[in-house]
Every structure is written in structure tokens, then in C-alpha cells.
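Quick note: the sequence shown uses the working numbering, first residue 75, plus one each step. Heads up, the beta-carbon is just placed ideally off N, CA and C, and yes, glycines get one too. Please read the structure below before turning to the comments.
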Amino acid sequence: MLHYLEEVKSMSKTVVRKNESLDDALRRFKRSVTKAGTLQESRKREFYEKPSVKRKRKSEAARKRKKF
């Protein structure tokens, strides 16, 4: 249940302002979703990732960062 509440808390919401075009509102919504990281999080959680695969991915990312 707590996990569900965390998901709802991070939900992006955009209210269309008076005299604002739908394109502008959509642009603001996309920006807020990107800033919150909602899309990345959903892609990351789309499929189950084994803990060993997570560790390997994290260590490779750290190695890449260290290389540069």
C-alpha cells in the first residue's frame, strides 16, 4: 500500500491556463514529467530486473563514469 501512495504522490498534474493553447499545456506537462523522472522510472520498472543484473549494471555505469 505504501508503494502505491508513493506513486500517487509523484504524479504530474497540469492545469490548462486561461487563453493557453493545448500545445503549450502539453509542453508544460511533458517538461514536468521529464523533470520528475516519471517516464524513466516507469521504463525501469516495466520488467523485473534480477538483483545480480542490477549490481552488474550499476558497476558498469560506475566504471564508465570513472573512465571519463
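Inter-residue distance for K118 and A135 is about 15 Å (C-alpha atoms, whole angstroms). Boundaries for V89: no alpha helix (DSSP H) harbours it, and the DSSP string shows neither H nor E there. Secondary structure of S126 (DSSP, three-state): helix. Between the segment 85 to 93 and the segment 105 to 124, the count of Cβ pairs shorter than 8 Å is three or higher; the stretches touch.
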